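**Q** The sequence shown begins at 1 in UniProt numbering and counts up by one.
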Amino acid sequence: MVDLIERVVGEEDLLAVSVAGVRTLVPEVAVLTPADIAGHTRALLAAAARALAARRGPTGAELSFVEDLAVTRAHQGVPIEAVLRAIHVAERAIWSRAREAAAADGVGPELLLDARELYDDWAEAVRGRLIAAHRAANADQAPARDRDVALLRRLLDGGSAAALAAAEAGLPVTGGLWVAVARPGGAAAVRRALAERHRPSPSAVVDGLLVAVLGQAPSPRAVPDGTLVGLAGPAEPEELTGTRRLALAALTAAEATARSGLVHIAEVPALAAIVDRADLAAALLEKHRQAWAALGANAEPVARAVCAWVEAGGDTNRAAERQFVHPNTVRNRVLRFAGITGIDPGTAFGAVDAWWLCRAWLARP
Numbered sequence: 001m002v003d004l005i006e007r008v009v010g011e012e013d014l015l016a017v018s019v020a021g022v023r024t025l026v027p028e029v030a031v032l033t034p035a036d037i038a039g040h041t042r043a044l045l046a047a048a049a050r051a052l053a054a055r056r057g058p059t060g061a062e063l064s065f066v067e068d069l070a071v072t073r074a075h076q077g078v079p080i081e082a083v084l085r086a087i088h089v090a091e092r093a094i095w096s097r098a099r100e101a102a103a104a105d106g107v108g109p110e111l112l113l114d115a116r117e118l119y120d121d122w123a124e125a126v127r128g129r130l131i132a133a134h135r136a137a138n139a140d141q142a143p144a145r146d147r148d149v150a151l152l153r154r155l156l157d158g159g160s161a162a163a164l165a166a167a168e169a170g171l172p173v174t175g176g177l178w179v180a181v182a183r184p185g186g187a188a189a190v191r192r193a194l195a196e197r198h199r200p201s202p203s204a205v206v207d208g209l210l211v212a213v214l215g216q217a218p219s220p221r222a223v224p225d226g227t228l229v230g231l232a233g234p235a236e237p238e239e240l241t242g243t244r245r246l247a248l249a250a251l252t253a254a255e256a257t258a259r260s261g262l263v264h265i266a267e268v269p270a271l272a273a274i275v276d277r278a279d280l281a282a283a284l285l286e287k288h289r290q291a292w293a294a295l296g297a298n299a300e301p302v303a304r305a306v307c308a309w310v311e312a313g314g315d316t317n318r319a320a321e322r323q324f325v326h327p328n329t330v331r332n333r334v335l336r337f338a339g340i341t342g343i344d345p346g347t348a349f350g351a352v353d354a355w356w357l358c359r360a361w362l363a364r365p
């Protein structure tokens, strides 16, 4: 049985299968590099095989490695629940392979069950130490997070204090800084991704947004799939107050058209200007208040069709696909909008006004 376990653990493709399963099934861990996951998985597999061979629990050296793993994951922002799920996924791959090998080698289920019980005892001690070390590391990080928030506030206040804060953070005080902002829902993944590729990169949730200040422009690959990050820069430390405002404008503008990834303010300047002017949107709504009332029950479908048509560049077929309706339906709704509002979405400025008005209609409570 020991020979079988050691042979299974030594199989070349087992590690790759385990890492692929972890990255697929545990999203919080998927942002880590495959080499990072593979290194820790390989070490745990080897330690477990040695423990089974000696019919013993974890040694002090093995528990020390587990503590290091817990601290590393805590500093990377990976929750302990995700760490435990990742280990569980790897365990399933290992024991599934062991069952297949045992059947092929004629190893009885009693021996396999005995080995699994030994492993469970070893793993229980490992999980206990992992949880305790992760919690302790998080407690130790709390003051550091407070310092990060204070440092970011000084940076984002701009002026001469920002230059001093940049020097303290190890950021360049000349040559330009970049500000990235994201919604807090994906904060942990974004923070880890930016920290892996850009050091130093002080980041924290400030005033309800994840904010990071970077010493160089981030690569689009630094943003995890399915997340959205607004970006602005480069700017001198003294100008970071305005830079954060521009990054937030880029985030809001990108959200308005359901974009994802890394969006620089220069990619959406007109859209950002529109989204940022609530006063002009209110004036537009007031001017066309009667048009909304006249559309009645068709008002919302008409507004959605106009938005889709403008965002598709006036391509009726593409807009219809997005709306899951016939192209003639989109065409008729756009014509209905133009007739009742007097705005021609087929002209350059008319398209802007039409999209803005319809977005404002749809955004009303």
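By construction, the Cβ of each residue, glycine as well, lies at the ideal position given by its N, Cα and C atoms. On a predicted model such as this, the values are computed, not experimentally measured, just so you know.
Answer yes if the segment 121-136 comes into contact with the segment 205-214, meaning at least three C-beta pairs across the two stretches below 8 Å, and no otherwise.
**A** Because the criterion of three Cβ pairs below 8 Å is not met, the segment 205-214 and the segment 121-136 do not touch.
**Q** Closest to residue 308 by CA distance: which of 129, 364, 354, 109 is it?
**A** When each option's Cα is compared against that of residue 308, the closest is 354.
**Q** Would residue 228 and residue 268 qualify as a contact pair, given that the criterion is a beta-carbon distance under 8 Å?
**A** It is not a contact, given that the beta carbons lie outside the stated cut-off.
**Q** Per DSSP, what are the beta-bridge partners of residue 203 in this structure?
**A** Residue 203 pairs with 212.
**Q** Unbroken alpha helix (DSSP H) runs of length 4 or more, entirely within the segment 323-364: which are they?
**A** DSSP runs (the alpha helix (DSSP H)) wholly in the segment 323-364: 327-341, 348-363.
**Q** With a threshold of 16 other CB atoms inside 10 Å of the CB of residue 233, please say whether the residue is buried or exposed.
**A** When all chains shown are included, residue 233 counts as buried.
**Q** Residues in the same chain with beta-carbon distance under 8 Å from residue 137, minus the five sequence neighbours each way, listed in chain order, please.
**A** Hits under 8 Å: 70, 71, 74, 75.
**Q** To the nearest whole angstrom, what separates the beta carbons of residue 180 and residue 231, a pair I think is in contact under 8 Å?
**A** Right, their Cβ atoms sit about 5 Å apart.
**Q** If residue 292 sits next to residue 282, beta carbons under 8 Å apart, how far is it from one beta carbon to the other, in whole angstroms?
**A** That belief does not hold up - the Cβ atoms of residue 292 and residue 282 are roughly 14 Å apart, past 8 Å.
**Q** Residue ranges of each beta strand (DSSP E) run of no fewer than 3 residues wholly in the segment 116-184, ordered along the chain?
**A** The segment 116-184 contains these whole beta strand (DSSP E) runs: 177-182.
**Q** DSSP three-state label for residue 27, please.
**A** In this structure, residue 27 counts as helix in the three-state DSSP scheme.
**Q** Assign residue 239 to one of two classes, buried (16 or more other C-beta atoms within 10 Å of its C-beta) or exposed (fewer than that).
**A** Buried.
**Q** Report all residues from its chain with a CB closer than 6 Å to the CB of residue 212; omit the five preceding and five following residues, and keep chain order.
**A** Within the same chain, residue 212 has close Cβ partners 180, 194, 201, 203.
**Q** From what residue to what residue does the alpha helix (DSSP H) around residue 269 run?
**A** Residues 269-275.
**Q** Using CA atoms only, rank isn't needed, just tell me which of 279, 349, 340 is closest to residue 310.
**A** Selected option, being the one with the closest Cα: 349.
**Q** Is residue 368 helix, strand or coil by DSSP?
**A** Not covered by the structure: residue 368. The range shown for the chain is 1 to 365.
**Q** Using the beta-carbon count (16 or more within 10 Å), is residue 323 buried or exposed?
**A** It is buried - the Cβ of residue 323 has at least 16 other Cβ atoms within 10 Å.
**Q** Near residue 171, which residues of its chain fall below 7 Å by C-beta distance, leaving aside the five closest residues on each side in sequence?
**A** These residues qualify, in order along the chain: 177, 200, 213, 215.
**Q** Using a threshold of 8 Å, state whether the C-beta atoms of residue 295 and residue 360 are closer than that.
**A** No, the pair does not count as a contact, with Cβ atoms beyond the cut-off.
**Q** Taking the continuous alpha helix (DSSP H) assigned at residue 306, which residues delimit it?
**A** Counting along the chain, the alpha helix (DSSP H) containing residue 306 begins and ends at 299-311.
**Q** Determine whether the beta carbon atoms of residue 265 and residue 249 lie at a separation below 8 Å.
**A** A contact, by the Cβ cut-off of 8 Å.
**Q** DSSP has residue 230 in a bridge; who is on the other side?
**A** Residue 230 is bridged to 181, 263.
**Q** So, under 8 Å CB-CB, residue 275 and residue 253 are touching, yes? Tell me the CB distance rounded to an integer number of Å.
**A** Yes, they are in contact, since the Cβ atoms of residue 275 and residue 253 sit about 5 Å apart, within 8 Å.
**Q** Across which residues does DSSP place residue 235 in a beta bridge pair?
**A** Residue 235 pairs with 177.
**Q** Taking the beta carbon of residue 24 as the centre, do at least 16 other beta carbons fall within 10 Å, making it buried, or is it exposed?
**A** The residue in question, residue 24, is exposed, as its Cβ has fewer than 16 Cβ neighbours within 10 Å.
**Q** DSSP three-state label for residue 56, please.
**A** Correct three-state label for residue 56: coil.
**Q** How long is the line joining the alpha carbons of residue 161 and residue 245, rounded to whole angstroms?
**A** Spanning the two alpha carbons is a distance of roughly 18 Å.
**Q** With DSSP collapsed to three states, give me the class of residue 64.
**A** In the structure shown, residue 64 sits in a helix (DSSP, three-state: H, G or I).
**Q** Taking residue 131 as the reference, give the member of 259, 351, 301, 78 with the closest Cα.
**A** Closest by alpha carbon: 78.
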